[in-house]
Structures are given as C-alpha cells and as structure tokens.
Amino acid sequence: MVWWVEDTNYNKPHTSPASAGKQDCSVVYEGALKDGKFHGKGTLNYPSGCCISGVWDNGVLQSTSFHFSDGLGFRNVVSWKYCKMPDRRFYKEHLLGLRPAGLSHLTQDTPTRPIPEGCYDVGEGFYDPRTKCVTDPEDGRITRVPTAAEEEWIMANCRKAWDQPQGYRPDLYENWWSEQGCKAGDQEEEEDLQ
24 MVWWVEDTNY
34 NKPHTSPASA
44 GKQDCSVVYE
54 GALKDGKFHG
64 KGTLNYPSGC
74 CISGVWDNGV
84 LQSTSFHFSD
94 GLGFRNVVSW
104 KYCKMPDRRF
114 YKEHLLGLRP
124 AGLSHLTQDT
134 PTRPIPEGCY
144 DVGEGFYDPR
154 TKCVTDPEDG
164 RITRVPTAAE
174 EEWIMANCRK
184 AWDQPQGYRP
194 DLYENWWSEQ
204 GCKAGDQEEE
214 EDLQ
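Here it is, written out as structure tokens:
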C-alpha cells in the first residue's frame, strides 16, 4: 500500500507522470505510477539514506542502481570489488586516504560503535546468536530474524564483540604490486567504485 506524502491513501487505478508517496515501511517512492504499480523511472528512498533508482515496467524492476548513504554506488554483485581482497579499504578511505596505524577504520562509520557482548555488527544493527535476532542499535528492539544462510554468513564475515587470534592466513598475502611499481589494476578498481 502506498501512502501519499500528504498522508492520503491512494488505491485507485491511475497513471501519473510523476508522484511521490511514502510506503508503510517509511520508504519514500518518487516516480511514475501506472494502475497503482511503479512504472517508468522512479527512486525508492530509505530512512537510512540509501536509495534505489530504477526503471519499472508495470511494477517489475527492469534496471537499477543502488547508492548507499555515504554516496558509494553499487553496480553488479559479480564484478563488484569494493572492500574485497586485495583492496579492503572502505569508501571513506578511497575518498580521504588511509589513516595511520592505531587510528585505522574498523568500519565505515566514525567513531566505530561498540558491539554488545556476544553479538555481531551487521550494519543496521546487532545480531545476537543466542536469540537469533537482529536488534536496533539505538533502542535494542528486534528488527528482524535472519535466515539460516544469512546467520552463517554473519558469523563468518561480520565484526564481532570479541577478539580472537587469527592465525596464519595465506590468503591475506598477495603480490599487490606490478613490475612498474604501481598497484596492479588500480585504475580499473577506482572505476568500479564510481
């Protein structure tokens, strides 16, 4: 159901060249509608500051671009190289450069927020494996329950509240430098971030 910004409810067949409405989950849609469905160019603006811009055909998304709240754009999950080996810099570090040892970024946010004991930082909140829920970092309310596959990914990849010895990781050692003395593929990686 779409709620118009003026808080009136829209529920009739209608073609509109340009509309703006707020959905039940506080996502604001700006764009065209046809028979109550997204149609043509439009943008979904999320409360977190992220947005999805795309082209819809009778409610079916045909093409899309995603931008995080800090401006980082997302293209394709297969070719996306952001924050992956061998270059694990955050977007902020691409823009502002790396900080010295001891002051390096643990997350994209500054300052890095503390994680409750026994939990994992999943970006929009904290995952607690004891309750199997993600909670809001501000008020602690439960926001969602991840799937078993997502839980496995969280526990393997997300920042946790405790430190543990990493041990030898040969996958972290790579030859990052070409014979010319500059980072191999640097220009291509910078283009992928834009």
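Heads up, this note's numbering is the position in the sequence shown plus 23, with the first residue counted as 1. All residues carry an ideal CB built from backbone N, CA and C; glycine is no exception.
Membership of GLU116 in the alpha helix (DSSP H) is indicated by the continuous run 114–119. Under the three-state reduction of DSSP, ASN180 is assigned to helix. Around ILE177, the same chain offers TYR143, VAL145, TYR150, PRO169 as residues with beta carbons nearer than 8 Å, after the five sequence neighbours per side are excluded.
Non-local beta-carbon contacts of PHE113 in its own chain, meaning distances under 7 Å to residues more than five positions away in sequence, involve CYS106, HIS128, GLN131 in chain order. With contacts defined by Cβ atoms closer than 8 Å, GLU140 and ALA179 do not form a contacting pair. Between the C-alpha atoms of GLY77 and GLY148 there is a straight-line separation of about 27 Å. By the neighbour-count definition (other C-beta atoms within 10 Å, threshold 16), GLY72 is an exposed residue.
DSSP places GLU53 within a strand segment (E or B) once states are collapsed to three. DSSP places CYS74 in the uninterrupted beta strand (DSSP E) bounded by 74–80. Residue environment for TYR52: buried (at least 16 other C-beta atoms within 10 angstroms of its C-beta). Boundaries for ILE138: no beta strand (DSSP E) harbours it, and the DSSP string shows neither H nor E there.
Counting only the Cα atoms, TYR69 lies some 5 Å from VAL50. The DSSP-derived three-state label of ASP186 is coil. With 16 or more other CB atoms across the displayed protein chains lying within 10 angstroms of its CB, TRP79 is buried.
In the same chain as GLY82, and ignoring 5 residues on each side of it, the C-beta atoms closer than 8 Å to its own belong to LYS60, PHE61, HIS62, in chain order.
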